[in-house]
Every structure is written in structure tokens, then in C-alpha cells.
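K.L.:
Residue numbers (this note's numbering): 1 to 358.
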């Protein structure tokens, strides 16, 4: 038996297929992964993401600490509620985890880290935080529901007090704010608009059922994966990990090399890697029948890191790590046979629209 979120019993009552994910018992789907995927692209769907780690960091030197800890620069955050996506690196440049950090005040930042790495992350953060006298507090009292899709925000706003709806509606992308006991952020992992809501775990089941009553479709890990891959979003453990650095993982844009005097963990290694030739992460579109999966070999060189069948494009797509000199036309070995594929620039789909020619 694995760890369970506050919504586990609710998932079981809804007939979800439960699977192990990073040590957590989580819903893979509720009957049709394809229908759940389309609900998010066309209307609104919701995911239990309470297995993610919410960690509050407080202290007078918390900004200074995070400027050292993260590859992206929280020095850019000046408006309360603004969020930043970043990687947390080893000294050699490998990715410990990717995460979102929210600036809440000069003495308070909030991190959201991945489920499978949360214990490792918290231990690493505590170790690095000690010289800065920063308090590291995992928020085990919170649940988290992601509501995503073109109608997700409007349907969610109805559950907020009327006096707060306007402020929540006006949240800009990658901003969050407190609304009574909820922290509502306009973020997500699907390529669609929506909210991620952190709320007291005791309120999770009631809120989930209220969202269902508003016509929001429960969706599981299966749809979450096809949606994020269509959106060209990395999955930790597949597309980057401790053995791969951001520059070869499509995440160079998350590394703030300026200003040059900010000495974040992993900086020197990345500075050296900038001057060398390394692989890159690209999109693949399969030109023939078949399904792309992680660890398949790309010919003449490379490897699929994440692959799936895209319900929106009705084609198989993937992210793959290949040499920078790779031709736009490659082959992928699937069950001992070579299949033609084309290198494309992700994302494949955003806001329900195909961004590549199929």
C-alpha cells in the first residue's frame, strides 16, 4: 500500500483505476483516459495533485538563500504572488528537481516540488538553508487540485465568495494569491489555462465534489501525461534528472546567467558546459503507425525520453535527446523495426490548437 492523498477515498468511489506513482496510490483514469484528455482541451478537467510537495520557506535571508539554491533568479520577483519556474541543481549541473517558486513576501516564499522527489528535495533544501537561518516547512496540511481547460477558471470562480471572484478572475498567468483558506494560482501542467488550488486537506473532498457539480471532469495521471507532453512540458525522471543538466534538457531558458555575480549551485558546471557541444531535447513526430515510448533508440543517434499517442493530433509524439547536429529526418526503433520520424520544435499543442504541421 502506498501513500494516500486526502482525495483517495473519493477517487475509489468514482471507480478510478489506482496505480502507484512515486510511492503514492493515485488515479490513472476514471474509465477513459482519452475522454479525460479531451475534456481538458475542450472544456474543463481537474486533477488531484496533492501528492506534490508544498514547502514554505521563511526568514530574513530567504531571498538570498533562493538566489543561491535555484538556477533561475528569484531576484526578478518583486510583486507578491508572482511565480517562477526553476531547476534545483547539483554542483555538477544535474537536476535535483524542477519546481515552481512563489514570492509571497520579503520573508516568505513557497515552493511546489515533485511528488517522487519531495523527501529528497526537502532534505537538500534544509541542508542548504541552515547557513541562512531559513525555516523549511513542508505543508502536509494542504491538498492541491489542478483545474485546467478553456472553461476551467470560470467554473472554479463560482466556488469563491462573490467579493473575491473579481480578484481571482484578474490573476495574471503565473501569479497566485490567497482567497480565504485557499491559495489560488494561475498555473498548470497541461498547456491550457486554469488554476492550481492549494487548500486545507479537510476541505478537499467537499471541494472536489463541488467542482464536479459544476461540470468539471475528474482526470487521472494518464491524461495529465498526454496533455503535458502535447504541451512540450518536461517530466522529471524522464526528460531531466540528476544525470542530465538543463542545457541538454530543453531548459536553458530557466537558467539565469545574469547577473554574472550570482553564484548559484551548479553555475560553474553550466558555465563550462555552455562552451562545449552537448545534446539537445527536441520534439519528434512519428511519420508512420506506431507509438513512441521512453527509452526507444533514435537512429542515427539519440533516445526518446518521453513518448505517447497524442489524442489531439491523432499521431504519436515524443521528446528526445539527440545530438545538436541531428538531421530533421530520423528513425526510431520500435519493437525491432525502424520507423520514420521528424524532428519538430515543441510544444505540439497549446490552448487546444495544433502548433505543428501533421
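A virtual CB, placed ideally from N, CA and C, is assigned to each residue, including glycine. Since this is a predicted model, take the numbers as computed values, not measurements.
I'd like the list of long-range same chain contacts for residue 358, defined as Cβ closer than 6 Å, with 5 residues on each side in sequence excluded.
P.N.:
Translated into the one-based positions of the chain shown, residue 358 becomes position 358. These residues qualify, in order along the chain: 313 and 315.
K.L.:
Consult DSSP for residue 306 and reduce its assignment to one of helix, strand or coil.
P.N.:
The residue you call residue 306 lines up with position 306 of the chain shown. Strand.
K.L.:
Cβ of residue 151 within 8 Å of Cβ of residue 48?
P.N.:
Along the chain shown, read from residue 1 onward, the residue named residue 151 stands at position 151. Along the chain shown, read from residue 1 onward, the residue named residue 48 stands at position 48. Cβ atoms of residue 151 and residue 48: not closer than 8 Å.
K.L.:
Taking the continuous beta strand (DSSP E) assigned at residue 101, which residues delimit it?
P.N.:
Translated into the one-based positions of the chain shown, residue 101 becomes position 101. 95-105 is the extent of the beta strand (DSSP E) around residue 101.
K.L.:
Between residue 29 and residue 220, is the Cβ-Cβ spacing less than 8 Å?
P.N.:
Within the chain shown, residue 29 is the residue found at index 29, counting from 1. Within the chain shown, residue 220 is the residue found at index 220, counting from 1. Cβ atoms of residue 29 and residue 220: closer than 8 Å.
K.L.:
Using three-state DSSP, classify residue 278 as helix, strand or coil.
P.N.:
Numbered from 1 along the chain shown, position 278 holds the residue referred to as residue 278. Here residue 278 sits in coil by DSSP.
K.L.:
Taking only runs of the beta strand (DSSP E) that begin and end inside the stretch 185-233, which ones reach a length of at least 3 residues, in chain order?
P.N.:
For the stretch 185-233, whole beta strand (DSSP E) runs of length 3 or above, ordered along the chain, are 194-200.
K.L.:
Pull up the distance between the alpha-carbon of residue 185 and that of residue 300, whole angstroms please.
P.N.:
Residue 185 sits at position 185 when you count from the first residue of the chain shown. Residue 300 sits at position 300 when you count from the first residue of the chain shown. Their Cα atoms are separated by approximately 43 Å.
K.L.:
To which residues of the same chain is residue 66 closer than 8 Å at the C-beta, ignoring the five residues directly before and after it?
P.N.:
Indexing the chain shown from 1 puts residue 66 at position 66. Same-chain partners within the cutoff: 57, 74, 101 and 109.
K.L.:
Can you check which of these residues, 234, 289 and 353, is closest to residue 192 by C-alpha distance?
P.N.:
Residue 192 sits at position 192 when you count from the first residue of the chain shown. Out of 234, 289 and 353, 353 has the C-alpha closest to the C-alpha of residue 192.
K.L.:
Hey, quick one: how far does the beta strand (DSSP E) through residue 120 stretch, first residue to last?
P.N.:
As a first step, residue 120 is located in the chain shown; it is residue number 120 there, counting from the start. Segment 118-129 is the alpha helix (DSSP H) holding residue 120; no beta strand (DSSP E) there.
K.L.:
Restricting to runs no shorter than 4 residues, where is the alpha helix (DSSP H) found entirely within the stretch 28-113?
P.N.:
If we require 4 residues or more, the alpha helix (DSSP H) runs fully inside the stretch 28-113 come out as 33-42 and 62-69.
K.L.:
Could you tell me which residues DSSP puts in a beta bridge with residue 241?
P.N.:
In the chain shown, the residue the question calls residue 241 occupies position 241. 244, per the DSSP bridge assignment.
K.L.:
Of the residues 334, 35 and 13, which one's Cα is nearest the Cα of residue 224?
P.N.:
Indexing the chain shown from 1 puts residue 224 at position 224. Cα-wise, what sits closest to residue 224 is 35.
K.L.:
Tell me whether residue 146 sits in a helix, a strand or coil according to DSSP, three-state version.
P.N.:
Counting from 1 along the chain shown, the entry for residue 146 is found at position 146. Three-state result, residue 146: strand.
K.L.:
On the DSSP bridge list, what partners appear for residue 337?
P.N.:
Along the chain shown, one-based indexing puts residue 337 at 337. Answer by DSSP bridge pairing, in chain order: 334.
K.L.:
Could you please give me the residues that DSSP links to residue 329 through a beta bridge?
P.N.:
Here residue 329 refers to the residue found at position 329 when the chain shown is read from its first residue. Paired residues: 342.
K.L.:
Below 8 Å CB to CB, which residues in the same chain sit around residue 50 once its five sequence neighbours on both sides are set aside?
P.N.:
Numbered from 1 along the chain shown, position 50 holds the residue referred to as residue 50. Counting only Cβ-Cβ distances below 8 Å, and skipping sequence neighbours, we find 5, 6, 7, 142, 143, 144, 145, 201 and 204.
K.L.:
Tell me the rounded alpha-carbon separation between residue 321 and residue 277.
P.N.:
Position 321 of the chain shown holds residue 321. Position 277 of the chain shown holds residue 277. Approximately 13 Å, taken between the alpha carbons.
K.L.:
Give me whichever residues DSSP pairs with residue 316 in a beta bridge.
P.N.:
Here residue 316 refers to the residue found at position 316 when the chain shown is read from its first residue. Answer is 309.
K.L.:
Quick one: Cα of residue 222 to Cα of residue 32, how far?
P.N.:
Position 222 of the chain shown holds residue 222. Position 32 of the chain shown holds residue 32. Cα to Cα, the separation comes out at about 9 Å.
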